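A.B. asks:
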Amino acid sequence: MTKIEATFEVVTPMFCGDGENTVSASLRPLSIKGLLRFHFRAVAFRLLKGDLQKILNFESKIFGSTKGIGLLRIRTELLNEGKAVSANSVLNLASGKVVGEGVRYLGYGLMGAFGANEGRLTRPCLDGVEFSLHLTLREDDKTCITLLHYTMLSIAICGSLGARSRKGFGSLSLKSLKIADKEEKVEQVFKWPALLAKEFENQLSYPDYTAWSSQSRVIKVEGGSSALEIMNTIGKAMMHYRSFGRDGQVLGVPALKKFQVDHDLMHSAHDSKVEDIPRRSAFGLPHKYFFTSIQNCSRDFGAKPENHERRASPLFIKVIKVDGQYFGLLSFLPAQFLPDGERIVVHNRARIQGGKSTGNLSQFYTPVSQFLEFIGSGESEFTRGYTVRAL
C-alpha cells in the first residue's frame, strides 16, 4: 500500500459548485476525481510511450471503470473553507477596487466586463480555500506510483478547478507533497516541466490528446504580491495581443492588430462564403464575433468545430504561490486539435459560410507560440515572462 498526500491552496477565485449557481459554491469530490484523471492522462502519454490501450488499461486499474473498482482511494480534507462570494456580488481586489480589465477578460461569462455590471458575478465562487488530498494505492505497483507522482506534478504546474480553469480561475498552488513518506521540495516547481516534457522514443510530433510532450512549453510570468494582479497582467497582455482594438487602441495603448486578417475574414463571412478560418482558432473554440459596423449583426456568428460544441484551449493559465510571492505559469500543451477529418467551420446562425481543417499543426499553433514569445521577449506592455527550460 502506498500513500500520497498533497496540500493545495486555491489562490484565485474558484467557480466550482453543485449546479445551483445562484445559491452557493462548493468543492466537489467529482471535480477532484476529474482533475486527477485529466492530469493522469496528460502525463501517461509520455510515460507509457503513447500506447493508448496501455494508458486506458492503467487508468482503469488505478481509477476504476464500469468493469470494477480501481486501486486508488481518494479522500479530501477541507482545511480552510474560504469565503463564499455570492452571485451578483462585485469581485474586488483586497484594496476594494473592482478587478481589472484583464481578469474580467479572462472571466468572460463569469462576470460583467463593462459599465454598471463591471466585475459583477453571474455565479458564486469560493476564495481562499485550502484542502488536502489523501490518496491510497492499495497495491505497491511501481508504474502506478510513478504515474500518480507525475500526475501530482502536472497538477502543480497547470492544474486548476472549476469554470474557466484554463484561464487562471481556481488555481491550485501546491503547498506540500509527500509520496510514500518522501517529502517533495515544492519550491522546485519551476524545474518540474523539464521532467514532464521529455521526448520519448518514436514519439509522434503531437500527442493524440492534450498531454505533456516534447512540444510542450511553460512560461513563468514575473511575480508579485497579489494573485489577481498577476492574472490581470496576463489577461491584459492577451487582450493586447489578440484584440483588433477600437480607434486604433487597446487598453489605452496602440493596437497591435496582429490578427487583422481574422477581422477582415469574419467581416466578409457574415454575408459571404469564405475559404479560410480565423488564425486565433488555435486558442480554442468556439469563437464569437460581433461587428458594430454591420447592421443587424447576428449574435450567433463565429467559428466552431464542425461536429462538436467546443475545443478547449491548449494554453493553461495559472497562478501559484512560492515563498510568499505569486507567479503566473502559462503552460502550452499542443496536441491533435480535432479528430481526423473534422473541420473548423465559420457559421452565421445555422448557415455554414466556410470551413477548413487545421492542416500542418506547427503552422496552425503559431499564434499561440508567438503569444508565448510576446510574453517572453518583453514586447508586451503589461507583463514579462521567462521560458522554464529543461534543466
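First residue of the sequence shown? That's 1 in our numbering, and the numbers climb one at a time after it. Ideal placement from N, C-alpha and C gives every residue a C-beta, glycine not left out. This structure is a prediction, so every number in the text was calculated from the model and none was measured.
1. Less than 9 Å separating the beta-carbons of Leu-48 and Phe-58?
2. If you draw a straight line from the alpha carbon of Ile-320 to that of Ser-173, how long is it in whole angstroms?
3. Once you ignore the five residues that flank Glu-77 on each side, which residues in its own chain have a CB closer than 7 Å to its CB?
4. I need the straight-line Cα distance from Gly-100 to Val-322, nearest angstrom please.
5. Roughly how many whole angstroms lie between the Cα atoms of Gly-50 and Thr-387?
6. With DSSP as the reference, identify every bridge partner of Pro-254, one or two as the case may be.
7. Please give the ranges of any beta strand (DSSP E) in the stretch 36-102, keeping only runs that are unbroken, at least 3 residues long and fully inside the region.
8. Determine whether the beta carbon atoms of Thr-12 and Ala-156 lie at a separation below 9 Å.
9. For the candidate residues Leu-71, Lys-258 and Gly-354, whose alpha-carbon lies nearest to that of Val-274?
10. Is it true that the CB of Lys-167 sits closer than 9 Å to the CB of Gly-112?
11. Counting only the same chain and skipping the five closest in sequence on each side, list residues whose C-beta sits under 6 Å from that of Leu-153.
12. Determine whether the beta carbon atoms of Cys-16 and Leu-148 lie at a separation below 9 Å.
13. Label Phe-290 either buried or exposed according to how many other C-beta atoms from any shown protein chain fall within 10 Å of its C-beta, with 16 as the threshold for buried.
14. Distance check for Ile-344 and Glu-184, CA to CA, integer angstroms please.
15. Consult DSSP for Glu-309 and reduce its assignment to one of helix, strand or coil.
16. Tell me the DSSP secondary structure of Gly-115 in three-state form.
17. For Ile-62, I'd like the list of residues in its chain whose CB is within less than 6 Å of its CB, leaving aside the five on either flank, ordered along the chain.
18. From Gly-170 to Ser-31, what does the alpha carbon distance come to, in whole angstroms?
19. Going by DSSP, name the residue or residues bridged to Tyr-430.
20. Taking the alpha-carbon of Leu-333 as reference, which of Glu-342, Pro-314 and Gly-302 has the nearest alpha-carbon?
21. If you follow the alpha helix (DSSP H) that Tyr-150 is in, where does it begin and where does it stop?
22. Taking Gly-252 as the reference, give the member of Lys-236, Asn-232 and Met-266 with the closest Cα.
23. Is it true that the CB of Met-239 sits closer than 9 Å to the CB of Gly-68?
24. Check this for me: beta carbons of Glu-309 and Leu-338, under 9 Å apart or not?
25. Could you say which of His-263, Asp-262, Val-261 and Phe-244 lies nearest to Ser-254 if we only look at CA atoms?
26. Could you compute how far the alpha carbon of Asp-264 sits from the alpha carbon of Thr-292?
27. Would Phe-114 be called buried (16 or more neighbouring beta carbons within 10 Å of its own) or exposed?
C.D. replies: The answer reads as follows:
1. yes
2. 5 Å
3. Within the same chain, Phe-131, Ser-132 and His-134 come within 7 Å of Glu-77 by CB-CB distance, once the 5 residues on both sides are set aside.
4. 23 Å
5. 26 Å
6. Gln-249
7. Those beta strand (DSSP E) runs which fall completely within the stretch 36-102 and span 3+ residues are 72-80 and 83-85.
8. Contact: no.
9. Gly-354
10. no
11. Trp-192
12. no
13. exposed
14. 43 Å
15. coil
16. helix
17. These residues qualify, in order along the chain: Gly-70, Leu-71, Leu-72 and Cys-144.
18. 12 Å
19. A query on residue 430 cannot be resolved here, the shown segment of the chain reaching from 1 to 391 and no further.
20. Pro-314
21. Its alpha helix (DSSP H) spans residues 142-158.
22. Measuring from the Cα of Gly-252, the nearest candidate turns out to be Lys-236.
23. With a cutoff of 9 Å on beta-carbon distance, Gly-68 and Met-239 are scored as not near each other.
24. no
25. Here residue 254 is Pro; the residue named in the question, Ser, does not match the sequence. Checked all of His-263, Asp-262, Val-261 and Phe-244; the closest Cα to Pro-254 is Phe-244.
26. Straight across, the Cα-Cα distance linking Asp-264 with Thr-292 is about 14 Å.
27. exposed
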